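These notes are about the structure you will find just below.
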Amino acid sequence: MAAASSLIPELESVVRHGSDERRADALRRITALFLHGSSRFSEDHIRLFDDVFVMLINEIESKARAELSRQLAPVPNAPLEALKRLAKDEDIMVAGPVLAQSPRLTTPDLVEIANAMSTEHLYAISSRAAIEEPVTDVLVRRGDFTVKRKLAGNAGAKISEVGFTNLVRSAEHDSVLAEAVALRSDVPDHMFRELLTRATEVVQRRLLAKARPETQDEIRRVLARVSGEVIATKPARDFSQAQARMRALADAGQLAEEHLVQFAKDQSYDNTVAALSQLTGVPIDVVDRLMNGDRPDPILILCKAAGYSWPTAREIILARLGNRGKGAPTLDAASANFERLSTSTAQRVVRFWQVTPGSLTTAP
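Just so you know, the numbering used here puts 146 at position 146 of the sequence shown, and the rest follows in order with no gaps.
Okay, structure coming up:
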């Protein structure tokens, strides 16, 4: 370490009066000295090198900083303050290697950088071998489609429930991202189901083609369960009289959205189900099972596909709940989901439901 210490006076002279070439040469000499002995250096030695590197980083050109970043990035005991300076450099050629590789940067360091720096910096972070949830939350929130795709395809990235929610929403308009998210082994079941529901038929086919046999079976089961557990067994209900009434009203041109709303307000379950079936073309036994599922989502899908308003969907949900849901969080969440749901996605799902119930056990 005497050699490193003896360089300090020379560095002071180089920094104050030296040319760019002399500074770059000094940096190369110090870097070579550090790399040669890094495995043997104590923390005191590391701090000395840190002071030297920081002194030079502030004075050298970006090309020299980029080379230093490339050399220090994989070193497990690289000088920390120098690494942080490099990681926050606006030039991604300088910051990139450290952000992508350095094991010395902590989760708080990465969160700070991800909150402040450019999309290019976020992309570099998203390629790290391991990334904790606080970091991925920021990457998903601030990143563009390139960052989200990179992150979703990174098996070493831990993604939170919030992160997956945001990725699934973004994936509705990005087929590449949809595939990357769906093929992750840690995607929660309900998120996987929602993703497949929202995915285009092309993406669904690609996922089936790429997935392992056991995953293909799961994808088919999820697509079948899009119907809100249509396959659930329950005694058949006799809707024949209600169906006859709805057919007669439809033939007379007297069955429309406002009539459906009135049936729901009157708590006339048979008429509500029969009217929904007649208006949407979904078999009545399927509508009955959808109405009795655990969630109101199928009602939102039916109404959105038919072009109905949120107040209509709300009245049907209340009829389904027997009016127990007024003012409950269920309605608030359903309203938000109704607004997010696109008409094209809803119509695509309804096309599944319009086929005969027996064919719903397999994916299209």
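Every residue gets a Cβ at the ideal spot worked out from N, C-alpha and C, and that includes glycine.
Here the structure is a predicted model, which means the values were calculated and not measured.
Helix, strand or coil for alanine 157? Go by DSSP, reduced to three states. strand
Taking the alpha-carbon of histidine 121 as reference, which of Gln243, Ala100, Val162, Thr31 has the nearest alpha-carbon? Ala100
Is it true that the CB of isoleucine 317 sits closer than 8 Å to the CB of threonine 272? no
Opposite isoleucine 131 in the DSSP bridges: which residues? Isoleucine 131 is bridged to Ala157.
Indicate the three-state DSSP secondary structure (helix, strand or coil) for proline 76 in the structure shown. coil
Run the CB neighbour count on arginine 104, radius 10 Å, all protein chains shown included, and call it buried at 16 or more, exposed below. buried
When the distance is taken between beta carbons, is tyrosine 123 closer than 8 Å to threonine 146? yes
Which residues in the same chain as serine 69 place their Cβ atom closer than 6 Å to its Cβ, once the five residues preceding and following it in sequence are excluded? Leu86, Val94, Pro97, Val98
Closest residue to serine 127 among Pro311, Ala244, Ala152 (Cα-Cα distance): Ala152
When burial is assigned at 16 or more other CB atoms within 10 Å of the CB, is lysine 326 buried or exposed? Reliability of the predicted coordinates at lysine 326 is poor, the pLDDT of 43 falling under 50, and the value obtained from them is presented with this limitation in mind. Its Cβ having fewer than 16 others within 10 Å, lysine 326 is exposed.
Does any C-beta atom of chain B lie closer than 8 Å to the C-beta of leucine 35? Absence of chain B from the displayed structure is noted, only one protein chain being present.
Contact defined as beta carbons within less than 8 Å: I believe leucine 341 pairs with isoleucine 299. What is the distance between those atoms, to the nearest angstrom? Contact doesn't hold; Cβ gap of about 11 Å is too wide.
Please state whether the Cβ-Cβ distance between leucine 249 and leucine 260 is less than 8 Å. no
Residue closest to alanine 66, alpha-carbon to alpha-carbon, out of Val168, Ala78, Asp89: Asp89
I'd like the list of long-range same chain contacts for tyrosine 308, defined as Cβ closer than 6 Å, with 5 residues on each side in sequence excluded. Residues Glu257 of the same chain have their beta carbon placed closer than 6 Å to that of tyrosine 308, with the five preceding and five following residues left out of the count.
Pick out the complete alpha helix (DSSP H) segments inside the stretch 264-347, 4 residues or longer, and give them in chain order. 269-280, 284-291, 297-306, 310-321, 329-340
Would serine 118 and alanine 73 qualify as a contact pair, given that the criterion is a beta-carbon distance under 8 Å? No.
Under a Cβ-count criterion, where at least 16 other Cβ atoms within 10 Å of its own Cβ denotes burial, should leucine 279 be classed as buried or exposed? Counting other Cβ atoms within 10 Å of its Cβ, leucine 279 reaches 16 or more and is therefore classed as buried.
Taking just the CA atoms, how far does glycine 156 sit from aspartate 288? 44 Å
Using alpha carbons as the reference points, say which of Ile92, Ile60, Glu59, Arg47 lies closest to leucine 366. This structure does not reach residue 366, given that the chain is present from 1 up to 364, and the question cannot be answered.
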